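Peer 1: Under the working numbering, think of the first position of the sequence shown as 30, with each following residue one higher.
Take this structure first; my questions come after.
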Amino acid sequence: MPVPVRKPQPAKQRKAFSLRQTVLCFGLVATVACGVGLTLKLIVRAADEHPMVVVAAAATVVAATAGLWSTRRRRTGRRFASAAVGAAYQVIETHTVEEERNHAVTRVKAETPDEAFASDEFAAMDPVSFEQAVAALCERDGCQDVHVVGGAGDLGADVVATTPDGRRVVIQCKRYGPLNKVGSQDVQRFGGTCFAVHEAHVAAVVTTGEFTQPAADYAEQCGIRCINHRDLVAWTDGTGPTPWEAESAGSLLGRAAINLANTAGTVGSKIRTSNDVVTGLRASGR
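Put into structure tokens, the structure is as follows:
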């Protein structure tokens, strides 16, 4: 019986030294070191003001360390290293955005003093500054959602706000000199949009000048408040009512009449449309 002869196996050769693998290994170590360094720097800067950022940075370092020491393959190590660096940059970016936002809020508060203007400064303002001043008065007296919407296409609404009792106030600002007066046509144009388009509960025209008598009469009939220079000074100094306070009975009745007229016009238009449809059907039936 022949005895099987075992073939000799070739001796295992050692892998040659690879410069590429060495450079890659050092690159991974350097990348992780940079990520850890940036994270530690972030922790030092944000430890006082942003504790949540500190927690996120610490979690990033722990995840990166665990990933590097628990893996045996270069690909897994590279994946953990990339994730660590990406997380570190994300935390840094978030912290930077928060810092810029906080600085912006601080800057806005610093540029907005408690007493931004006095009643005798309206004459030196341009129309845009005057609109902003009226908006500031609304916000000072408790209005919410104050917006300056003046400009082309505003349809008469320069300042829109919500009063403390929840009403919508729409204000048109007229920066006029002492020789100019707000005329009836100005108030009529505003009256055509303040209630129907802007859905105002309170509509007011605020001016640094005066109103003509026809303008005041029309405003009284339509329920529009007229705030002339004297009323504006009293409002600014706190000695007079705001535009949304102390509406007269005539103003309330005038606004109710306008709303009733608008409703009647809408109903009449629908009735005419229905009559036209009926007439057309009868004509086609013939």
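Think of the CB as a built atom: it goes at the ideal place given N, C-alpha and C, for glycine as much as any other residue.
Since we're looking at a predicted model, the values are computed, not measured.
Below 8 angstroms, how does it come out for the region 233–244 and the region 207–214: are there three or more Cβ pairs, yes or no?
Peer 2: Contact between the region 233–244 and the region 207–214 is present, because at least three Cβ pairs lie under 8 angstroms.
Peer 1: Please state the DSSP three-state secondary structure of residue 172.
Peer 2: For the purposes of this step, residue 172 is taken as the residue at position 143 of the sequence shown. Coil at residue 172, not helix or strand.
Peer 1: Out of curiosity, what's the CA-to-CA distance linking residue 250 and residue 217?
Peer 2: One-based indexing of the sequence shown puts residue 250 at position 221. One-based indexing of the sequence shown puts residue 217 at position 188. Distance between the alpha carbons of residue 250 and residue 217: 11 angstroms.
Peer 1: Out of curiosity, what's the CA-to-CA distance linking residue 164 and residue 177?
Peer 2: Translated into the one-based positions of the sequence shown, residue 164 becomes position 135. Translated into the one-based positions of the sequence shown, residue 177 becomes position 148. Roughly 7 angstroms between the two C-alpha positions.
Peer 1: How far does the beta strand (DSSP E) with residue 255 in it reach, from first residue to last?
Peer 2: Counting from one through the sequence shown, the residue named residue 255 turns up at place 226. Residues 253–256.
Peer 1: Could you give the distance in angstroms between the alpha-carbon of residue 168 and the alpha-carbon of residue 272?
Peer 2: As a first step, residue 168 must be located in the sequence shown, where it is residue number 139. As a first step, residue 272 must be located in the sequence shown, where it is residue number 243. Near 13 angstroms, if we compare the C-alpha coordinates of residue 272 and residue 168.
Peer 1: Can you tell me which of 156, 224, 152 and 268 puts its alpha carbon nearest to the alpha carbon of residue 184?
Peer 2: As a position in the sequence shown, residue 184 is number 155, starting the count at 1. Ranking 156, 224, 152 and 268 by Cα distance to residue 184 puts 224 first.
Peer 1: Between the beta-carbon of residue 199 and the beta-carbon of residue 186, is there less than 8 angstroms?
Peer 2: For this step, residue 199 is matched to residue 170 along the sequence shown. For this step, residue 186 is matched to residue 157 along the sequence shown. Yes, the Cβ-Cβ distance between residue 199 and residue 186 is below 8 angstroms.
Peer 1: In chain order, what residues of the same chain lie with their CB nearer than 8 angstroms to the CB of residue 257, ignoring the 5 residues before and after it?
Peer 2: Along the sequence shown, one-based indexing puts residue 257 at 228. Around residue 257: 236, 238, 239 and 240.
Peer 1: In angstroms with no decimal places, state the Cα-to-Cα distance between residue 204 and residue 188.
Peer 2: For the purposes of this step, residue 204 is taken as the residue at position 175 of the sequence shown. For the purposes of this step, residue 188 is taken as the residue at position 159 of the sequence shown. Whole-angstrom Cα-Cα distance: 13 angstroms.
Peer 1: Let me know the secondary structure DSSP gives residue 196 once reduced to three states.
Peer 2: Against the sequence shown, residue 196 aligns to sequence position 167. Coil.
Peer 1: Look up residue 191 in the DSSP assignment and give the residues it is bridged to.
Peer 2: In the sequence shown, counting from the first residue as 1, residue 191 sits at position 162. Paired residue(s): 173 and 197.
Peer 1: Run the CB neighbour count on residue 55, radius 10 Å, all protein chains shown included, and call it buried at 16 or more, exposed below.
Peer 2: To locate residue 55, count along the sequence shown from 1; it is residue 26. Its Cβ having fewer than 16 others within 10 Å, residue 55 is exposed.
Peer 1: To the nearest angstrom, how far is it from the Cα of residue 190 to the Cα of residue 209?
Peer 2: By one-based count along the sequence shown, residue 190 stands at place 161. By one-based count along the sequence shown, residue 209 stands at place 180. If you take the alpha carbons of residue 190 and residue 209, they lie about 27 angstroms apart.
Peer 1: Any idea what DSSP makes of residue 249, helix, strand or coil?
Peer 2: For the purposes of this step, residue 249 is identified with residue 220 of the sequence shown, where counting begins at 1. Note: residue 249 maps to helix in three-state DSSP.
Peer 1: First and last residue of the alpha helix (DSSP H) that includes residue 234?
Peer 2: Taking the sequence shown and counting its residues from 1, one reaches residue 234 at position 205. Segment 231–236 is the beta strand (DSSP E) holding residue 234; no alpha helix (DSSP H) there.
Peer 1: CA-CA distance, residue 261 and residue 221?
Peer 2: On the sequence shown, residue 261 is found 232 positions in, with the first residue counted as 1. On the sequence shown, residue 221 is found 192 positions in, with the first residue counted as 1. Going from the Cα of residue 261 to the Cα of residue 221 covers about 24 angstroms.
Peer 1: If you reduce the DSSP assignment to three classes, tell me which class residue 54 lands in.
Peer 2: Taking the sequence shown and counting its residues from 1, one reaches residue 54 at position 25. Residue 54 falls in the helix class under three-state DSSP.
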